[in-house]
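J.: Per our numbering, residue 11 is the first one in the first sequence, and the count goes up by one each step.
Ideal placement from N, C-alpha and C gives every residue a C-beta, glycine not left out.
I have a structure I would like to understand better, so I am pasting it below and will then ask my questions one at a time.
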Amino acid sequence: MTQISLTFPDGNARSYDAGVTPAEVAASIASSLAKKAISATVDGQHWDLAWPIEADAQIAINTLKDNDAEALELIRHDCAHIMARAVQEIWPDVKVTIGPVIDHGWYYDFDRAEPFTPEDLGLIEKKMKEIINKRDPVRTEVWDRDVAIKYYEDRGEPYKVELIDSIPGNEPLRMYWHGEWQDLCRGPHLQHTGQVPADAFKLMSVAGAYWRGDSDRAMLQRIYGVAFKNKEDLKKHLNMLEEAAKRDHRKLGNEMDLFHMQPEAPGQVFWHPNGWTVYTELQDYMRRKQRAGGYVEVNTPQVVDRKLWEQSGHWDKYQENMFIVEVDEEHAREKAVNALKPMNCPCHVQIFNQGMKSYRDLPLRMAEFGSCARYEPSGALHGIMRVRGFTQDDGHIFCTDDQITAETKTFIDFLSDIYGDLGFNDWTIKLSTRPEQRIGSDETWDEMEKALGDACKAAGHDFEILEGEGAFYGPKLEFTLTDAIGRNWQCGTLQVDANLPERLDAKFIGEDGGKHRPVMLHRATLGSFERFIGILIEEHAGKLPFWLAPRQVVVAAIVSDADDYVLEVVEALKAVGVRAEADLRNEKINYKVREHSVGKVPVILAVGMKEVEQRTVSTRRLGNKQTQVQSLDEIVSILHTEATPPDMR
RNA sequence: GCUGCUGUAGCUCAGUGGUAGAGCGCGUCAUUGGUAAUGACGAGGUCGGGAGUUCAAUUCUCCCCAGCAGCACCA
């Protein structure tokens, strides 16, 4: 028998027969370790305790207690299997498919004629606990392909047969047995079902999901679950979800009276005075930043003849997402087909094309707060984050090939500065590279991708590469924000495009006196005001930075004899540009404080006779129970500073 | 778009085969109260829209619309 040498994390090596399993290795060290062991890490690879090791290797035995990542992966993966087993024990006709581990838990897709109900989830959960309590051993076997296919065909599991077909021929087919129930699975798994903590998982929801993610194929039922190492972690996670629900922009938008939406205009926002204040404040800020950044601002039509869209290629490639406006003779005595613009780029090229441009005009940075309409699929709509009518802080930089890197770097700096001002320091860049379906030569793609990567490096930012995710005409950078509860949102973008200038015949006169094509950089910093404001609301849980807060100060009278002074304070604040309002209602100060706190007003100034006599105010900041007496002059000066946008301080 | 669920007062929600209820909000009156809800009274609803079953539908069935979760989509 060949001997192999296994090296442990402490540096000690031991010799074993080839083909030894980590379970045997653990047992050779201590029986308690053999019991506690959940898996091994062999040469960096997560390894089932039952898989044989054939060659010298680094080995570490993992336990539930000491190895977080491995433990969670195994718990969640075993939960997926246990749930599938539970489902098939309750409803033997249900067909199983796949059940991977995801963030916080797992899901498993089933094919069943009847929908799973919330009550069913309870049943399944109960059955899962029974299975866990049985402490059924988990066994693994490697099967021949033909045997496995025959097995699944006999059992009426077509999805599994299809899965086997898609597994490369040289990969072993592993069958996992959890007691008498088995599943085709890559592994690894726990030693027995009892290693899953029975009180640290929860089934969360059922939803439809396409088989193999393909909308042309069967819709399956997906059950989602979350699982952790212990009850406390589960509880923490559920609390986090509750907190997240509280800062949902749709809920806060209503509570703070920012906007509403209604069925007559699905996916479009009715901005209320409060919400529009945030919007315009943000827009004013962006306008100043763009001016300072060397952009010229333009504005272009909403309704544009289909001819332009045919020329730009949108009519062909994007039509199902466009609002088409047909005018007919019956109501207008003439016929025309237009579309609401789904993007601004073709219109910007029209402006570029007016007059003759010289290389001296480049780079030409053109910006528009461009209102766009896109017919997004109904199921994609989500509050003000994914809408059908929105305004981009759009911009197109017309430049030469060798200006791409510099312009991109300048943009990254520009964006970085703005995100910082708006309170976001945690954001990432993704570089999407050439997709399979594309135009342009490989050399051009090489150059464009390199230009973007070089720009990121020059701006001092790391980036992640999304292979094949670029647009058909060029690579792009995506700037993704992480909000306070860890969700990612793509906001900013920069895309290189040599296609549209070609299609719309944009040109400039070069140094050589000849005509040349400019390249276009499509770029947006916020992305859209709608989405960005939604993110701002959630990031700050409604407590927007003072300069963006729709209602900044309420001056509340404690007794009506203070009313005149309250009005004087309000006027003094308004005079320095602070959004202040008086609350002279016949209500107790407790009531007023509560109401304005709930309404997320950042500053409440309470004023009674004491303040009137001393010409002071009693300042209370949102989220802070303490109050502070300040002179009128002092508070006016402080709030004046705070109300000033960051770029003007 | 697909699967499932939901739609009752401005908001959050209860309820019923015999045309509806709470709390908050709103209005009126009393109360002038010192930092998260003063009290009393009152107004307010074609029970998302349409059709069907029924003596009778907000309630049951079907269709449509919108929302929610997820999937697909986001060149």
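Since Q640 and V627 are thought to touch, with beta carbons under 8 angstroms apart, how far apart are those beta carbons, to the nearest angstrom?
T.: Confirmed, Cβ separation roughly 6 angstroms.
J.: How would you call R448, buried or exposed, if buried means at least 16 neighbouring beta carbons within 10 angstroms?
T.: Under this definition R448 is a buried residue.
J.: For V157, is the classification buried or exposed, using 16 other Cβ atoms within 10 angstroms of its Cβ as the cut-off for buried?
T.: It counts as exposed.
J.: Does F280 pass the burial test, meaning 16 or more other C-beta atoms within 10 Å, or should it be called exposed?
T.: Burial call: exposed.
J.: What's the call for N354, buried or exposed, on a 16-neighbour Cβ count within 10 Å?
T.: N354 should be labelled buried.
J.: Helix or strand or just coil, what does DSSP make of G218?
T.: Note: G218 maps to strand in three-state DSSP.
J.: By the DSSP assignment, the beta strand (DSSP E) with V617 in it spans what residues?
T.: Taken as a continuous stretch (DSSP letters only), the beta strand (DSSP E) holding V617 covers V613 to V617.
J.: Shortest alpha-carbon distance to K317 belongs to which of E291, K553, A346 and T651?
T.: K317 has its Cα closest to that of A346, out of E291, K553, A346 and T651.
J.: Is the beta carbon of V580 less than 8 angstroms from the beta carbon of V569?
T.: In this structure, V569 does not lie closer than 8 angstroms to V580 by Cβ.
J.: What residues in its chain sit with their C-beta under 7 angstroms from that of I475, if we drop five residues either side in the sequence?
T.: Counting only Cβ-Cβ distances below 7 angstroms, and skipping sequence neighbours, we find L441 and T443.
J.: Hey, could you find the ends of the beta strand (DSSP E) H532 is sitting in?
T.: Here the beta strand (DSSP E) through H532 covers V529 to S538.
J.: May I ask you to verify whether the region 63-71 touches the region 27-47, counting CB pairs closer than 8 angstroms and requiring at least 3?
T.: The region 63-71 vs the region 27-47: in contact.
J.: Using a 10 Å radius around the Cβ and a threshold of 16 neighbouring Cβ atoms, would you call K170 buried or exposed?
T.: So K170 counts as buried.
J.: So, helix, strand or coil for M8, using DSSP?
T.: Residue numbering for the chain in the displayed model covers 11 to 659; residue 8 lies beyond these limits and cannot be assessed.
J.: Just tell me which of S381, G277 and V288 has its CA closest to the CA of N309.
T.: Of the candidates S381, G277 and V288, the one whose C-alpha sits nearest the C-alpha of N309 is S381.
J.: Using 8 angstroms as the threshold, is the C-beta distance between K239 and I141 below it?
T.: No.
J.: Compute the distance between the beta-carbons of V148 and L200, then report whether it is under 8 angstroms.
T.: Contact flag set, yes.
J.: Given a cut-off of 8 angstroms, decide if V152 and L173 are closer than it, judged by their beta-carbon atoms.
T.: No, they are not a contact pair.
J.: In the structure shown, what three-state DSSP assignment does M376 receive?
T.: Residue state, collapsed to three classes: strand.
J.: Using the Cα positions of A47 and T73, report the straight-line distance between them to the nearest angstrom.
T.: Roughly 5 angstroms separates the two Cα atoms.
J.: Report the option in G277, G109 and Q98 whose CA atom is closest to the CA atom of D88.
T.: Per the Cα distances, G109.
J.: Buried or exposed: which applies to V313, given that a residue is buried once 16 or more other Cβ atoms fall within 10 Å of its Cβ?
T.: Under this definition V313 is an exposed residue.
J.: Whole beta strand (DSSP E) runs in the region 18-47 with 3 or more residues, listed along the chain?
T.: Counting only runs of 3 or more, we get 23-27.
J.: Identify every residue that forms a DSSP beta bridge with P147.
T.: Its beta-bridge partners are H202.
J.: Roughly how many whole angstroms lie between the Cα atoms of T567 and E597?
T.: What sits at residue 567 in the sequence shown is Ala, not Thr. Cα to Cα, the separation comes out at about 9 angstroms.
J.: For my contact list, L432 and L546 are in at a C-beta cut-off of 8 angstroms; report their separation, rounded to the angstrom.
T.: Yes, L432 and L546 are in contact; Cβ-Cβ is about 7 angstroms, under 8 angstroms.
J.: Which of helix, strand or coil does DSSP assign to S647?
T.: If DSSP states are grouped into helix, strand and coil, S647 belongs with the helices.
J.: Does DSSP put M229 in a helix, in a strand, or in coil?
T.: Note: M229 maps to strand in three-state DSSP.
J.: Nearest-angstrom Cα distance between G405 and L531?
T.: Near 8 angstroms, if we compare the C-alpha coordinates of L531 and G405.
J.: Where does I449 fall in DSSP's three states?
T.: Three-state result, I449: coil.
J.: Excluding the 5 residues preceding and the 5 following L43 in the sequence, name in chain order all residues of the same chain whose CB lies nearer than 7 angstroms to its CB.
T.: Excluding sequence neighbours, L43 sits near A36 and I71.
J.: Could you check if M229 is buried or exposed, using at least 16 other CB atoms within 10 Å of its CB as the buried criterion?
T.: Burial call: exposed.
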